[in-house]
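Student: Pasting a structure here, questions to come.
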Amino acid sequence: MKPAAFDYHAPATANEAVALLADLGDEAKIIAGGQSLVPMLALRLAVFDHLVDLRRLDELGGIEARGDSVWIGAGTTHAAVGRSAEIRRDIPLLHRATPLIGHFQIRNRGTLGGAIAHADAAGEYPVAALTLDARMHTLSPRGTRDIAAADYFTGMWSTAMEPDELLTGVTFPVWRGRTGFAIEEFARRAGDFAMAGATVAVRLDADSRIEQVALGLFGLAPTPLRATTTESEVLGRPAADIDPAEVGRSATAALNAVPADIHGSAEFRRRIGAVMVARAWARAVEEASND
1 MKPAAFDYHA
11 PATANEAVAL
21 LADLGDEAKI
31 IAGGQSLVPM
41 LALRLAVFDH
51 LVDLRRLDEL
61 GGIEARGDSV
71 WIGAGTTHAA
81 VGRSAEIRRD
91 IPLLHRATPL
101 IGHFQIRNRG
111 TLGGAIAHAD
121 AAGEYPVAAL
131 TLDARMHTLS
141 PRGTRDIAAA
151 DYFTGMWSTA
161 MEPDELLTGV
171 TFPVWRGRTG
181 FAIEEFARRA
191 GDFAMAGATV
201 AVRLDADSRI
211 EQVALGLFGL
221 APTPLRATTT
231 ESEVLGRPAA
241 DIDPAEVGRS
251 ATAALNAVPA
261 DIHGSAEFRR
271 RIGAVMVARA
281 WARAVEEASN
291 D
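Residue numbers for the sequence shown follow UniProt numbering, so the first one is 1 and each next one is one higher.
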């Protein structure tokens, strides 16, 4: 199939882009790398009268260290994130998530902002942003706004952004000290969206107790999730005394609305999710312990 007819717009600036969004309203849709939107248009799962293409907006690209955080422009491709030595050093979880996204052709075109704004609950970048307490920066005709990752993902493929807002960049805090990071996912084939997955970020104190921790879950609900109850349970405990399987069971025990389809029941996904949490926990703690 081919997409339904649409008018194409290629603004030269971000301000021009949001002005178009404000003028065109619900009939307009932003296209960045197009790796999610184009297939939906081609299958006519989505129809828009206007597409606003962001590829001319160089201001949305780049990676910059800003004190104790790293800013990544929304137009930065997955491939650029994966190649960045700065991301590898300062945001290891994002670096490790990148190779799990689709295939290299997708990573060469897809953008960080597009993946986060698309808000797929099984996507790697949304859960990485949530796990690391990233902040989303947006622009609209009313000005700029910062949105905490905890407030950003509101439902299946939906976010807290207004229709005339443009995601311009994302800031990721840098974790210092004895830290470890891991992402684990279970997918039918390499490059597929995860049926269940987990992210772990952990920092140990001088006595190898859990000083800071973040546990993310993806593919297990309409949005990426943080296992905050489990985080509270392990905080302050000696890392060596914590059973990874216990962490996995705790993190998935209270999940509601676990999706079920022809590829797996809700219970199957919950069980796989617990295993992914356990594996990610073990890897992250081992890395922190060896730091």
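Where a beta carbon is used, it is the ideal one built from N, C-alpha and C, also for glycine.
(1) Go through the segment 25-86 residue by residue and report every complete run of the alpha helix (DSSP H) that reaches 4 residues or more, in order.
(2) List in chain order: all unbroken alpha helix (DSSP H) runs of 4+ residues lying wholly within the segment 194-279.
(3) Using 8 Å as the threshold, is the C-beta distance between residue 272 and residue 156 below it?
(4) Measure the CB-CB distance between residue 149 and residue 130 and report whether it falls below 8 Å.
(5) Going straight from the alpha carbon of residue 79 to that of residue 96, what length do you get?
(6) DSSP state of residue 131, grouped into three classes?
(7) For residue 47, count neighbouring C-beta atoms within 10 Å of its own C-beta (all shown protein chains included) and say buried if the count is 16 or more, exposed if not.
(8) Measuring alpha carbon to alpha carbon, tell me which residue in 98, 38, 104 is nearest residue 125.
(9) Kindly indicate which three-state DSSP category residue 18 falls into: helix, strand or coil?
(10) Quick check: the Cα distance between residue 39 and residue 191, rounded to an integer number of angstroms?
(11) For the segment 104-150, list the beta strand (DSSP E) runs that are entirely contained and at least 3 residues long, ordered along the chain.
(12) From 279, 222, 239, 240, pick the residue whose C-alpha is nearest to that of residue 249; which is it?
(13) What do you reckon, are the CB atoms on residue 293 and residue 178 nearer than 8 Å?
(14) Nearest-angstrom Cα distance between residue 33 and residue 117?
(15) Which class does residue 173 belong to by DSSP, given the choice of helix, strand or coil?
(16) Using the C-alpha atoms, what's the distance from residue 43 back to residue 2?
(17) State the start and end residues of the unbroken alpha helix (DSSP H) segment that holds residue 182.
(18) Identify, in the order they occur along the chain, each residue of the same chain with its Cβ nearer than 8 Å to the Cβ of residue 13, setting aside the five sequence neighbours on each side.
Tutor: Let me spell this out:
(1) 37-42, 78-83
(2) 228-234, 244-253
(3) no
(4) yes
(5) 12 Å
(6) helix
(7) exposed
(8) 98
(9) helix
(10) If you take the alpha carbons of residue 39 and residue 191, they lie about 16 Å apart.
(11) 135-140, 143-148
(12) 279
(13) Limits of the chain in this structure are 1 at one end and 291 at the other, which puts residue 293 out of reach.
(14) 12 Å
(15) Here residue 173 sits in strand by DSSP.
(16) 7 Å
(17) From DSSP, residue 182 is part of no alpha helix (DSSP H) but of the beta strand (DSSP E) over 178-186.
(18) 57, 59
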